[in-house]
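One structure below.
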Amino acid sequence: SKSTLSYASRAKTHRSSLVKKLFDIAEVKKTNVAVSADLRNTKDLLALADAIGPYIAVFKTHIDLVSDFGEATVAGLKSLSVKHNFLFFEDRKFVDIGNTVQQQYHGGALRISEWAHIVNASVLAGEGIIEALVQTAQGSDFQYKDERALLILAEMTTKGSLATGAYTSSAVEIAKRHQGFVIGFVATRSLESVRTDIPATEDEDFVIFTAGVNRSSKGDKLGQQYQTPKSAIERGSDFIIAGRGIYASEDPVASVKLYQEEGWQAYLARIGS
Ligand code: BMP
Numbered sequence: 003s004k005s006t007l008s009y010a011s012r013a014k015t016h017r018s019s020l021v022k023k024l025f026d027i028a029e030v031k032k033t034n035v036a037v038s039a040d041l042r043n044t045k046d047l048l049a050l051a052d053a054i055g056p057y058i059a060v061f062k063t064h065i066d067l068v069s070d071f072g073e074a075t076v077a078g079l080k081s082l083s084v085k086h087n088f089l090f091f092e093d094r095k096f097v098d099i100g101n102t103v104q105q106q107y108h109g110g111a112l113r114i115s116e117w118a119h120i121v122n123a124s125v126l127a128g129e130g131i132i133e134a135l136v137q138t139a140q141g142s143d144f145q146y147k148d149e150r151a152l153l154i155l156a157e158m159t160t161k162g163s164l165a166t167g168a169y170t171s172s173a174v175e176i177a178k179r180h181q182g183f184v185i186g187f188v189a190t191r192s193l194e195s196v197r198t199d200i201p202a203t204e205d206e207d208f209v210i211f212t213a214g215v216n217r218s219s220k221g222d223k224l225g226q227q228y229q230t231p232k233s234a235i236e237r238g239s240d241f242i243i244a245g246r247g248i249y250a251s252e253d254p255v256a257s258v259k260l261y262q263e264e265g266w267q268a269y270l271a272r273i274g275s
């Protein structure tokens, strides 16, 4: 299983140059934290990115929450990602017909493809949505080839989630057929044990991002369910996504350092070093 290997060794063999970059960042900064920056205006978003940038690998956004989104948002985020060496993950959860998601991804009001290294999609609509996004990312007018990637939303953290069982195994099958642009999953655990009819190839190495990570809370009043950074990494997660546990704490910098430390120690334990 690749999850017992270091990020550095996985970087060496991974077919995606974006994943190589992601693993390099994790190693250089010693962090597997992805902050979920669910803030409502550009000023707060940029202030958070600048403050916690040194301690994260990925800055996850819900860019449609940003009431004054515009050129200044994109320019500010881009320069902070260079300054602090992190990647952007727009948590857009594409979930429509192929023709619609292509336009939501590339162009439009939010111009997601221009700045988001990683995006995600649900496979509720079937494999065609993934094919549509792959087609866009491989198009001749797409300037960001090799710098963009897609995660499939294979499970969800909310109470009563329907993304389980056959849905999750279909998500894994679809991912296996689109390795390259598809780099892995948003899931609560490693999905290696999920049974599909497609055997793993030698170089298969899916990256697992796990949302619903919080050090001090078990959930919220709207069905969110949390696990700790340690539990997520032990269960096979590669990058832990934490939102309110970091940005809504009294001291986000002190808080992100605790997530970084716990996540990194659990990773070192997992790889046996
Ligand atoms: P918080 O840590 O504040 O609960 O935020 C969790 C973040 O992760 C939110 O942005 C949410 O949209 C996202 N998320 C989740 O909580 N569960 C999932 O299954 C998938 C998600 O993307």
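Numbering (full-length UniProt numbering), first residue to last: 3 to 275. By construction, the Cβ of each residue, glycine as well, lies at the ideal position given by its N, Cα and C atoms. Everything numeric in this text was worked out from a predicted model, so none of it was measured.
Quick one: grab the DSSP three-state call for Leu41.
-> The sequence position of residue 41 within the sequence shown is 39, counting from 1. Looking at Leu41 - three-state DSSP - the assignment turns out to be coil, as it is neither helix nor strand.
By the 10 Å Cβ neighbour count, where 16 or more other Cβ atoms means buried, how is Asn216 classified, buried or exposed?
-> As a first step, residue 216 is located in the sequence shown; it is residue number 214 there, counting from the start. Per the 10 Å Cβ criterion, buried.
Does ligand 1 have even one heavy atom less than 7 Å from the beta-carbon of Ser192?
-> Counted from its first residue, the sequence shown places residue 192 at position 190. No; taking the cut-off as 7 Å, the Cβ of Ser192 has no heavy atom of ligand 1 nearer than that.
State yes or no: is the C-beta of Ala36 within less than 8 Å of the C-beta of Tyr9?
-> To locate residue 36, count along the sequence shown from 1; it is residue 34. To locate residue 9, count along the sequence shown from 1; it is residue 7. No, Cβ-Cβ distance for Ala36 and Tyr9 is not below 8 Å.
Could you tell me which residues DSSP pairs with Phe96 in its beta bridges?
-> As a working mapping, residue 96 is identified with position 94 in the sequence shown. Ala123, per the DSSP bridge assignment.
Paired residues, beta bridge with Gln181 - DSSP | Sequence index remark: in the sequence shown, residue 181 carries index 179 (1-based). Answer is Val184, bridged to Gln181.
Would the beta-carbon of Ile243 be found less than 7 Å away from any heavy atom of ligand 2?
-> In terms of ligand content, the structure shown lacks ligand 2 and carries ligand 1 instead.
Where do the N-terminal and C-terminal ends of the beta strand (DSSP E) with Phe61 fall, by residue?
-> Start at 1 with the first residue of the sequence shown, and residue 61 comes out as number 59. Where Phe61 is concerned, the enclosing beta strand (DSSP E) stretches over Val60 to Thr63.
Segment contact flag, the stretch 214 to 233 with the stretch 17 to 24, C-beta cutoff 8 Å, min 3 pairs = no
In chain order, each beta strand (DSSP E) run of at least 3 residues that lies wholly inside the stretch 138 to 198 = 151 to 155 and 184 to 188
Verify the contact flag: Asn216, CB atom, against every heavy atom of ligand 1, threshold strictly below 7 Å.
-> Here the question's residue 216 lines up with position 214 in the sequence shown. Result yes, Cβ under 7 Å from ligand 1.
For Gln145, count neighbouring C-beta atoms within 10 Å of its own C-beta (all shown protein chains included) and say buried if the count is 16 or more, exposed if not.
-> Looking up residue 145 in the sequence shown gives position 143. Result: exposed.
Chain-order list of residues whose beta-carbon lies under 8 Å from that of Trp266 (same chain, five-residue window excluded) | The count along the sequence shown starts at 1 and reaches residue 266 at position 264. Answer for Trp266: Lys32, Thr33 and Asn34, listed in chain order.
Return the first residue and the last residue of the alpha helix (DSSP H) that Thr15 is part of.
-> Here residue 15 corresponds to residue number 13 of the sequence shown, with the count starting at 1. Its alpha helix (DSSP H) spans residues Tyr9 to Thr15.
Extent of the continuous alpha helix (DSSP H) to which Val235 belongs = Along the sequence shown, read from residue 1 onward, the residue named residue 235 stands at position 233. Correcting the residue type first, residue 235 is Ile in the shown sequence and not Val. Taken as a continuous stretch (DSSP letters only), the alpha helix (DSSP H) holding Ile235 covers Pro231 to Glu236.
To the nearest angstrom, report how far apart Leu89 and His16 are at their CA atoms.
-> Counting from one through the sequence shown, the residue named residue 89 turns up at place 87. Counting from one through the sequence shown, the residue named residue 16 turns up at place 14. Their Cα atoms are separated by approximately 17 Å.
With 16 as the cutoff for other CB atoms within 10 Å, does Pro201 come out buried or exposed?
-> The count along the sequence shown starts at 1 and reaches residue 201 at position 199. Per the 10 Å Cβ criterion, exposed.
Got a sec, what are the start and stop residues for the alpha helix (DSSP H) Ile114 sits in?
-> Taking the first residue of the sequence shown as position 1, residue 114 is located at position 112. Run containing Ile114: Ile114 to Trp117, per the alpha helix (DSSP H) assignment.
Would you mind stating whether Leu67 and Tyr249 have Cβ atoms separated by less than 8 Å?
-> On the sequence shown, position 65 is the one that residue 67 refers to. On the sequence shown, position 247 is the one that residue 249 refers to. Against a cut-off of 8 Å, the Cβ pair of Tyr249 and Leu67 comes out as no contact.
For Gln105, the three-state DSSP class (helix, strand or coil) = Counting from one through the sequence shown, the residue named residue 105 turns up at place 103. Helix, per DSSP.
At a cut-off of 7 Å, is Ala213 close to ligand 1 when judged by its beta-carbon and the heavy atoms of the ligand?
-> Residue numbering aside, residue 213 sits at position 211 when the sequence shown is read from its first letter. The answer is yes for Ala213.
Exposed or buried, Glu252, counting other C-beta atoms within 10 Å across all chains shown (16 or more means buried)?
-> The residue you call residue 252 lines up with position 250 of the sequence shown. It is exposed - the Cβ of Glu252 has fewer than 16 other Cβ atoms within 10 Å.
Beta carbon of Gln226: closer than 7 Å to some heavy atom of ligand 1?
-> By one-based count along the sequence shown, residue 226 stands at place 224. True, at least one ligand heavy atom lies under 7 Å from that Cβ.
Which of helix, strand or coil does DSSP assign to Gln227?
-> Here the question's residue 227 lines up with position 225 in the sequence shown. Gln227 falls in the strand class under three-state DSSP.
Are Val136 and Phe183 closer than 8 Å when you measure CB to CB?
-> As a first step, residue 136 is located in the sequence shown; it is residue number 134 there, counting from the start. As a first step, residue 183 is located in the sequence shown; it is residue number 181 there, counting from the start. Yes. Within cutoff.
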